[in-house]
Amino acid sequence: MFLRSTVSRSHSLLHAKRVLSVGYNFQPSTKFSLSRYNSSLNVETLEDIDTEDLNKLLHPALLQKAELNNKEFKELEENISKGDNFNVNDSKKYTSLLNFVNIYSEFKNNLQEYNELKELYNEETTSEISNESSNKVSDEDIESIQLMKNEVIDELKNLIPTLKKNGLKLKQNLLPPSHPFLNNSCILELRPGVGGHESNIFTEDLLEMYIRYSQVNNWRYEVMSKTNHASGKGIIEATLWVNQPGSYDRLRHEAGVHRVQRVPETETKGRVHTSASGVVVLPKIDETDTDSVMLRKFKPDELRIDVMRASGSGGQHVNTTESAVRITHLPTGITVNIQDERSQHKNKDKAMTILRSRLAEREMREKTEKERANRLDQVSSVDRSDKIRTYNYQQNRVTDHRCNFTLYDLENCMNGTKLDEIIDAVESKETNERANELISSLSK
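Once you know that position 14 of the sequence shown is 14 in the UniProt record's numbering, the rest is easy, because the numbers rise by one and skip nothing.
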């Protein structure tokens, strides 16, 4: 289990305390340091695993905000129990704060355990074994004490990652929403960039990576469109709908240029080639909610809809019926082409879905760029120099250049099982940057 129960930790703490104290006659006048025995016993020290003060995970201004939220939740909870003056808005507020309070409580418990374990480890051991015939501590007794300290180290090694993760989740909950599409599913558009045919092949590899990532998380998905390369290897374009609420918020950081460095199958001299693919991540707009402000209504003169015969491989259907659809949004020049379905109406519906998502993303990006002029959230070009991430097959390495995080497990990244580690690192950087902005505003 990822989280170990509080009961088991408390039991370990008490057990360690008994071993470090019971049965020993501690004499302040006879002090000794166990650190000189560490090398012979091959025992890790606190400094090896605790490289930062985790009491400073959250800025005091954020902790103060957390306490205010916690206080507000308790007041709402008290009103519920009394049934006094509790309206619909209070109910919504209570529901929104419930998740925060659970995270905050878990964080505080983790932090308390962390400090107790550190205090236990750092207790200065002064002793002389209750043995009238000896004035020295035997090596056997020293080893027993140090082994128990090693148990405390093991507890901290399990606790520290949990504490950091809960600290990050708490930060994210304290920050205002970064975009209006937190609960939306998403649409990923993938296209090859520079690098010739190898970029087509890599684009298909990325498509498979996102499909496998969806499978790992038990998310529904649908390939809305896919155009294969004439050679049969690689793709010219693909559109993937990840039909999971909240998937946009999770995958939005995948937007950008992905660079690959590897030896292509067609390379006879073993030279490493560099190519790139572009990924655009769009929020899927719920078209069933006709009252939603996000569901765009188009004026008759805003769209140009062209129908044509489908091209490419596909049997007798291809080039015989006008099922392919191209929709152009005239004010912005955005064009969507869909030809995957045999039905013209189905292709039109898919094209309208993608068009609405592109326009929603465009408006959100323009608003964000006005607020933060130095931030670029999507692909401006599919050039290698614009890269957000590099996949180096020779070194078994994936490096995200936005947060300088490197994962030496390319295979499990491409099969979706380790992609979360990279996304977590990018999210952590964004959260810390936004937290610093909030702290600055709260300090004014």
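Note that the Cβ used here is the ideal one computed from N, Cα and C, for glycine as well.
Residue i to residue j span [Cα, whole Å]
i	j	result
Y114	L419	29 Å
F107	E267	52 Å
H317	R342	Any reading at H317 must be qualified, since the residue scores a pLDDT of 47, below 50, and its modelled position is unreliable; the value itself is stated next. Computed Cα separation, rounded: 7 Å.
I285	H345	19 Å
K387	H329	29 Å
I354	N347	11 Å
K31	L170	Because the pLDDT of K31 is 39, which lies under 50, any placement of that residue in the model is unreliable, and the question is left without a value.
T68	Q112	At residue 68 the sequence reads Leu, which differs from the Thr that was named. If I take the Cα positions, the gap works out to 20 Å.
N228	Y94	50 Å
V325	I305	7 Å
F181	G193	28 Å
K429	L190	25 Å
L54	N109	13 Å
N184	S357	11 Å
V398	E421	11 Å
S440	L62	11 Å
E249	Y104	Residue identity differs from the one stated: residue 249 is Asp in this sequence, not Glu. Taking the straight line from one Cα to the other gives about 21 Å.
G270	E116	56 Å
N122	N158	18 Å
G416	K82	49 Å
Q73	V336	Per the sequence presented here, residue 73 reads as Phe, with Gln not at that position. Their Cα atoms are separated by approximately 47 Å.
K118	I187	46 Å
P264	W241	29 Å
I49	Q244	37 Å
N412	I423	14 Å
R252	V307	32 Å
residue 494	Q395	Nothing can be reported for residue 494, as the shown portion of the chain is limited to 1 through 444.
V293	P176	The predicted model places V293 with a pLDDT of 47, which falls under 50 and marks its position as unreliable; any figure quoted below should be read in that light. Taking the straight line joining both Cα atoms gives about 20 Å.
V101	H59	18 Å
K390	L120	Lys is not the amino acid found at residue 390; the sequence shown has Thr there. Between T390 and L120, the C-alpha separation is close to 44 Å.
H401	G195	20 Å
T239	N218	19 Å
Residue burial classification, residue i (beta-carbon count within 10 angstroms, cutoff 16)
i	result
R262	buried
D301	exposed
E155	buried
P283	buried
L147	exposed
T332	exposed
K297	exposed
N432	exposed
Q64	exposed
E75	exposed
V88	exposed
Q215	exposed
K149	buried
E361	buried
Short Cβ contact (7 Å threshold) for residue i with residue j
i	j	result
V281	E254	yes
V257	S275	no
L57	G167	yes
S277	L206	yes
L303	I327	yes
M364	M209	no
8 Å contact criterion, which residue i and residue j should meet: CB distance rounded
i	j	result
residue 456	G234	Given that the chain is displayed from residue 1 to residue 444, the structure contains no residue 456 and the question cannot be resolved.
A425	C403	5 Å
K92	M224	That pair is no contact at about 34 Å.
H197	S231	7 Å
L174	A310	Not a contact, Cβ separation roughly 51 Å.
D90	N79	7 Å
L407	Y393	Contact flag wrong, Cβ pair sits at about 13 Å.
Distance cut-off 6 Å: residue i Cβ against heavy atoms of the ligand ADP
i	result
S96	Inclusion of the ligand ADP in the displayed structure is not the case, the ligand content being empty and no account of it being possible.
Self-check item: Start-end ranges of the beta strand (DSSP E) lying completely within the segment 320-345, minimum 3 residues
Solution: Here the runs fully enclosed are 324-329, 334-338.
Quiz item: Can you list, in chain order, the stretches of the beta strand (DSSP E) that have 3 or more residues and sit fully within the segment 165-195?
Solution: For the segment 165-195, whole beta strand (DSSP E) runs of length 3 or above, ordered along the chain, are 186-192.
Exercise. Would you list, in sequence order, the uninterrupted alpha helix (DSSP H) runs of no fewer than 4 residues that lie entirely inside the segment 77-115?
Key: The segment 77-115 contains no whole alpha helix (DSSP H) run of 4 or more residues.
Self-check item: beta strand (DSSP E) runs wholly inside the segment 242-298, at least 3 long, in chain order
Solution: Within the segment 242-298, the runs of beta strand (DSSP E) at least 3 residues long that lie entirely inside it are, in chain order, 256-262, 273-283.
Exercise. For the segment 195-233, list the beta strand (DSSP E) runs that are entirely contained and at least 3 residues long, ordered along the chain.
Key: For the segment 195-233, whole beta strand (DSSP E) runs of length 3 or above, ordered along the chain, are 220-228.
Self-check item: Ranges of the alpha helix (DSSP H) found wholly within the segment 383-441, counting only runs of at least 4
Solution: Listed in chain order, the complete alpha helix (DSSP H) runs (minimum 4 residues) inside the segment 383-441 are 410-414.
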